[in-house]
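**Q** Chains as they are written, first to last, in this note's numbering: chain A, 1 to 293; chain B, 1001 to 1293; chain C, 2001 to 2293; chain D, 3001 to 3293.
(1) Does any residue of chain A have a CB that is nearer than 9 Å to the CB of residue 2264 (chain C)?
(2) Terminal residues of the continuous beta strand (DSSP E) containing residue 3030 (chain D)?
(3) Residues of chain D with CB closer than 9 Å to the CB of residue 1267 (chain B), please, in chain order.
(4) With 16 as the cutoff for other CB atoms within 10 Å, does residue 3041 (chain D) come out buried or exposed?
(5) Which value, in whole angstroms, describes the spacing of the CA atoms of residue 2255 (chain C) and residue 246 (chain A)?
(6) So, with DSSP's three-state summary, where would you put residue 1137 (chain B)?
(7) Distance, Cα to Cα, residue 1266 (chain B) vs residue 1181 (chain B)?
(8) Just to confirm the assignment: which complete alpha helix (DSSP H) runs, minimum length 4, are found wholly within the segment 1055-1103 of chain B?
(9) Just checking: is the beta-carbon of residue 1249 (chain B) within a distance shorter than 9 Å of some beta-carbon in chain F?
(10) Does the segment 1160-1180 of chain B come within contact of the segment 1222-1238 of chain B, defined as at least 3 CB pairs closer than 8 Å?
(11) Return the bridge partner residues of residue 46 (chain A) from the DSSP annotation.
(12) Going by CA-CA distance only, name the one from B:1101, B:1069, B:1264, B:1068 that's closest to residue 1084 (chain B).
(13) Taking one C-beta from the segment 2178-2195 of chain C and one from the segment 2096-2113 of chain C each time, how about it: are there three or more such pairs within less than 8 Å?
(14) Could you give the DSSP three-state label for residue 2291 (chain C): helix, strand or coil?
(15) For the candidate residues B:1185, B:1072, B:1044, B:1195, whose alpha-carbon lies nearest to that of residue 1215 (chain B)?
(16) Check residue 2180 (chain C) in the structure and name its three-state DSSP category.
(17) Check whether the Cβ of residue 1270 (chain B) lies closer than 9 Å to any Cβ atom in chain A.
(18) Name the two residues that bound the continuous alpha helix (DSSP H) containing residue 2215 (chain C).
(19) From this set, C:2116, C:2176, C:2225, which residue's C-alpha is nearest residue 2150 (chain C)'s C-alpha?
(20) Which chain D residues sit within Cβ distance under 9 Å of residue 1253 (chain B)?
(21) Step through the CB atoms of chain D and report whether any lies within less than 9 Å of the CB of residue 1256 (chain B).
(22) Where does residue 1018 (chain B) land, buried or exposed, given buried means 16+ other C-beta within 10 angstroms?
(23) Distance check for residue 1129 (chain B) and residue 1219 (chain B), CA to CA, integer angstroms please.
(24) Helix, strand or coil, according to DSSP, for residue 1256 (chain B) in the structure here?
(25) Under the three-state reduction of DSSP, which class applies to residue 3041 (chain D): helix, strand or coil?
(26) Which bits of chain A does residue 3060 (chain D) rub up against, with CB to CB less than 9 Å?
(27) Note down, in chain order, every chain A residue with its Cβ under 7 Å from the Cβ of residue 3292 (chain D).
(28) To which residues of the same chain is residue 965 (chain B) closer than 6 Å at the C-beta, ignoring the five residues directly before and after it?
(29) Roughly how many whole angstroms lie between the Cα atoms of residue 3260 (chain D) and residue 3172 (chain D)?
(30) By alpha-carbon positions, which one of D:3044, D:3153, D:3279 ends up nearest to residue 3074 (chain D)?
(31) Helix, strand or coil for residue 3250 (chain D) per DSSP?
(32) Which residues of the segment 3222-3247 of chain D have a Cβ closer than 7 Å to any Cβ of chain B? Give them in chain order.
(33) At the level of alpha carbons, what is the spacing between residue 1138 (chain B) and residue 1062 (chain B)?
(34) Going along chain D, which residues have a C-beta under 7 Å from residue 94 (chain A)?
(35) What does a CB cutoff of less than 7 Å around residue 1 (chain A) pick up in its chain, not counting 5 residues either side in sequence?
(36) Taking the beta carbon of residue 3046 (chain D) as the centre, do at least 16 other beta carbons fall within 10 Å, making it buried, or is it exposed?
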C-alpha cells in the first residue's frame, strides 16, 4: 500500500509544479479573434492543439472543423461539449489520433440579434468568409496537413447542416463529414418572404437553409455530382427523440437511393448536449480512421 | 417538410412560454443550506427532483446519495457531472426510474483549508452529521421511500471511499453502493502522526482513511459481517489508467474471496470527469434495477 | 498463486460431476412438439427455462415469445442467436430478470416448400393456431404470470413483422414488443394475384404482409386504436445497411406522428445474425424493465 | 413501397445466382492441413481471407494469428466465435481493416488425450513448430505484409496465455497482442512432478505454463527487456466473473509497475464464448489501428 501514498504525493507534485516544460506535454485550447473584411466584423474562434504540439515542431496534423449550433458560439464545444477532455482520453488509448480541432463563431444569442448561420446571406457572407479568410488563415497559422484526406468537418444542429452543406459543395476539400442532430432541410413553407425582405436575420437563415437544402442537393444530384459526393466519407448521427429526426431520415434515404455510402446511427436521445458530447466518442475515432486511410 | 417548420415554431413556443405549469412537468435541481449542530457550521447540499414531483403530490421516490471527491463540493455532480441531463435522458427512455438525488457538501478547496472527508475526524464529525442530521432531515423534507431497498449511495474518488465505507458500516441502511475511481484504502505509511497531532485537515482525512480502510474491512470480516455485506448490492467502476487502480483491485479481490457478490468494470480512462460522467450511464440504471427488485 | 490451481481443480470438478442437483441450478433449453388441430400438423417449439426453475417450484415467471425469420425455425434463436448464453450472462449480473422464453416454429426451408409466416393464410391459419392452441398450452404447461404486463414478444425480420402485428392487433395481451430488422410492410405491388390464386406459399405470405401491414395499421389508426397501442411499450431496432430499412422508418415515423411512444435504434449492420444476437443485449434488459414496472 | 418488393427480388437474385464473380467479392474461410516434421504429425488450420482477396491480386495484407483455448481447435473462432461475420460487419463500416486471420490447431479433446498448448513440451515442440514451420509457411502462402508492425496475435484462455508469451519472447515479430480471459500464470503448486515424469499431457502443459509464466516474465524483466516489451502494443480483456481473473490482474499490475503501456478492460462476464465473441468488436478495430500507425 506504500504505492498509494506515493501516488498521492506524485499527484500533488503534478498539480503544484505545473512547470512550463510539463505544460508543453499536454494538449491545450486557445481562443483568438480574426478581423474579417468579408463580414466587416471581428469573429472569435477556438483551437484545440494536441499534446506535444510545441515540442514536435516539425510535425503536421490533420484538422477537424467542429461547428456549433444556433444560438451558440465557438466556446460551446469546449465549455459544454468537453471536447478537450474527450480528445485527451481517446488519444491516450489510441482510439483517436492527434489532430487540431477548430471551432469558428457563427452565431450567438438570437434574442440579442446576432447573425447565426454558416451560409452566405444578404449582408452576411459567412461562407465566403469561412473559405476565403478563415480556413486559409487557420491552415497557414497552424501546422496542418492541408489536403482533402486530412481535413474533416463536423457539427451539431445548425452546424450539422453547415458541415454537410460545406462538404457537399466543397467535396474536393473534405475527406469526412460527421453530422449530429443536423438541420439538413427547410421546406418552402419555412421561408417568410416578408421578413426576408426586411432583413430579419433568422428569416434570412431559414431562407438560406431552404435554398441550400442538403436533402435536395442529393435528390437533385446527377451522376457527376453523385460521383463527387462519393469521394467524401459521410456519417449521420441523430437521436430518436430529436425534433429534426425526419430531415435526417430524408437525407439518409436520399443518400442510399443515390448509392452514396453513408453511415447512420440513431441512438437514444433528443436535441441535447448529452447527445452531442457522447457523439464525440464515435466521431473522433471515425475521423481518425479516415485520416489514416 | 411542413412538419419541420411546425417543429421549429413548437420549439420556439416551448422555449419562450416557460409557464409555471410546464415547469412543474420537468425535473429540477435546487440548492439549500443546513445548519449543523454536530459540525457547528452551515453545509450546502443540492437536490435533484424528478419530473412531476410537484404534480404527483402523493408519490414517494427512492433516493440516491451522490458523493463528490476531494477538493470538490455539492455542486460538482451537477455542474460538471451533468447528472440532471443524464437523468432526464435515462428516465425518458425508461432506462432509469424517477428518483431523488442528493449531494451533500463534504469538501471544498484543500488549499483554502476546507475540511474534506466523509468520516468522523477530530474536530469534524462529518459521519455523525450525515447520519444523525443530514439524512434524517432530507428524508423528512422530501417524499422519500425511506427504507434500505430504496436507498442507494454512490460517489467518486474520496466519495467512492465514502459511499463504500458508509454502506459497509451501515449495511442495514443501503440497498446498493456504486463506487467510482474510489479511494478505498490508505496504508499505515500514509499516516503522518505529527501532522495529525497538529490537526492538519488532510492528515486527519488520511488517518481516517487508514483507520476505516474499506479493503481491510472486508479482509477482516467474520462470517456474520460477510453475511451483512451480502445484503447490499455492490458495484466497483475504475479506469485502467487511474492512480487509485490498485486499491480498487485489492477491494474487489477481497470481496471475491469473501464470496460477497460485487460487479466490477474497468473501462478506458483515468481519474477524470469524463470517466465519472459516463459512469452515470451505468450507475443510474443499475441502482434503478436494485430499487425495483 | 495457489488460488489458480485450486480454481482449475474446481472447474474440473464442475465439468465432470454434472450432478442432477447441480443441473437444476442452471438454466436449460428444451424442445417439444405440439399437435395442432387448426393447422392439421405437428409444430416444434423451443423453451428456455431460467435457473432454479425446477427448485423454486412455486415461483411464476414473465414470458417472452421470440420469433424467428423467414426460412428459419424455432431452433435459430438458440443455435445461432445464443439466447441461452446471453440470458445466463445478463441474469448473472442482474441486467435481465429470470423469464421463460418461447420460440415457436413458423417456417423452415422456403425451397423445400415449407409454410412460412405468422399470419392466417388460406390453408394455414397460423395466427389462429398461435392464439388458440399454442400460447394457451404454453401458459398452462409452464409457470407463467399470464397477464399483459408480464408477456412480451420480439422477433427478427419476418418475426419482427409478426411480433409487431400480433402486439398491434392483440394489444390487450402484450406489455412490450421489440422488433428487429422487421418486415413491417408489403406494398400492393408485392402481391402476385395469380400465384396467390395458385396457393403459392410465399405469395400467400406476401399477400398477408400487405393486408396486415404494420405501417398502415398505424397510419389508419383512429384515436381509440392509438389509445390502445399506447398501452404497449414499443422498440424498433434496425441496421443502417438493412434492406428493410425504409419500412422500419415508415413505421417509426407513423408512430411518432400518431404520438405513440416508441424507442428507435439504428446501429451499424445489415440483415445478419450479428445484428440480432447483439440486439438481445438491449432487448432482454428492456423487456425485463417493462416486466417490473 | 415499390422499393421493398424490388429489394426482395434483388435479394433473391443475390441468393440464387451466387456466380463465381460475385463470390470473389466476398470474404471467405478455408481450412487446410500442414504436415509438421517438428511434431511428426499433421495439423489443421483455418484462414480467413478478406473480400476481394482473389481480385486485388497485388495487394498485401496485415495478419492476425487468433489462438483458441484448451480443449478447442482451429475451428472454434469460426464456428462459435463467428469471426468471419464480425469481420464482415466491421470492415463494411470501416471500423476494422482488411486483414488475414489465421487459427492454428493447438489442441482438441483433453479427454481423448490430445496434445494441448502453444509451448514446447517434452515430446511436442509446438512453439518450434509454430515459428519455424507454420508461420513461415503461412506468410509465404498468403499475400501478407510480413513485418512486426503488420503482424498481431490474439487468443482466449490457453490461447490468451499463448499469444502473450509468444509476443513477450518474440517481441521483434509482433506489433500487437490482445489477450482475452488469458491463462497467464501457473504457480509452482500447479506442477505435478510425478505426472510430468510420466508424460501426462496436461501435466506437461501446466509445467510449461509455470516455467513460462507471463506474469513472472514481466516481474523479472530488466530494463532491456522492458524496453523490448514496450515495442509491442498490449491489451488485456477479462471478465469480472472469470476464474482466471487474479492472474490477469497480476499481469496488468506487473505491466504498470514496469511502465509498459497496456490497455485493460474488465467487462461483465465469465469464461464464456459470449465474452470472447464480444471481445472481437474491440480487438479487431484495435489491431487495425495498430496496423495503420
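Ideal Cβ positions, reconstructed from N, Cα and C, are used throughout, including at glycine.
**A** Quick look at the numbers:
(1) yes
(2) 3028-3036
(3) 3265, 3266, 3267
(4) exposed
(5) 12 Å
(6) helix
(7) 10 Å
(8) 1076-1079, 1083-1092
(9) Although the question refers to chain F, the structure presented lacks it and instead comprises the protein chains A, B, C and D.
(10) yes
(11) A:31, A:103
(12) B:1101
(13) no
(14) helix
(15) B:1185
(16) strand
(17) yes
(18) 2214-2219
(19) C:2176
(20) 3245, 3246, 3249
(21) yes
(22) Any reading at residue 1018 (chain B) needs caution, since the residue's pLDDT is 48, under 50, leaving its predicted position unreliable; the model's value is listed next. Exposed is the call here.
(23) 28 Å
(24) helix
(25) strand
(26) Neighbours of residue 3060 (chain D) on chain A: none; closest Cβ ~16 Å, over 9 Å.
(27) 292
(28) Residue 965 (chain B) lies beyond the range of chain B shown here (1001 to 1293); nothing can be said about it.
(29) 16 Å
(30) D:3044
(31) helix
(32) 3240, 3246
(33) 12 Å
(34) 3289
(35) In this prediction, residue 1 (chain A) has a pLDDT of 45, which is less than 50 and means its spatial position is unreliable; what the coordinates show is noted afterwards. Cβ neighbours of residue 1 (chain A) beyond the five flanking positions: none.
(36) buried
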